[in-house]
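Q: Below is the structure I would like to discuss, written out as structure tokens.
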Amino acid sequence: MTDAPFSILLDASRAADHVPDRTPVLDLPPGFGAVEAADALESLFVTDRELHEVALGVGGEIVGVTTRTYLDSLGRAVLRSLGDGDGATLPGESLRYEILRYRCSTCGAEERRIHVDERSAPVCPNGHGALEPTP
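In my numbering, each number is its position in the sequence shown, counted from 1, plus 124.
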């Protein structure tokens, strides 16, 4: 499924209906907009230099896949927030979002989130139970 509000952030050459098992998922809360998603993706790629692709989820549903290369090809203007050009924002890691990382100790499935509601803690998509926080 490709969600129209996020289509500019998604790499159309990557199929959303077949995400490889080892592809990390950035799951955003329901109601998240494309601008906030762009900020979260930028924060993710800045803080995790070895990550090259991520499946984007909203409320537990995958909306598509994006890659570092694809987002870089759009130009820096796409991955900026309102007010970033006013000189009040310093370069470097985002101060708006802290990316939380989770991993399955059995199969290695990974998920990234910007928040965790205790009622919906991340679980392994392969049925191995709760994912464990990683540094």
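Where is the CB? At the ideal position from N, CA and C, for every residue including glycine.
Please read all numbers here as calculations on a predicted model, not as lab measurements.
Given a threshold of 16 other Cβ atoms within 10 Å of its Cβ, counted over all protein chains shown, does Leu-198 qualify as buried or as exposed?
A: Leu-198 comes out exposed.
Q: Counting Cβ pairs, one atom from each stretch, are 3 or more of them under 8 angstroms apart for the region 129-138 and the region 173-193?
A: Yes, the region 129-138 touches the region 173-193.
Q: Secondary structure at Thr-258, three-state DSSP: helix, strand or coil?
A: Note: Thr-258 maps to strand in three-state DSSP.
Q: When the Cα atoms are used, what is the spatial distance from Thr-147 to Gly-253?
A: Near 18 angstroms, if we compare the C-alpha coordinates of Gly-253 and Thr-147.
Q: Does the separation of the CB atoms of Leu-168 and Leu-150 fall below 8 angstroms?
A: Yes, they are a contact pair.
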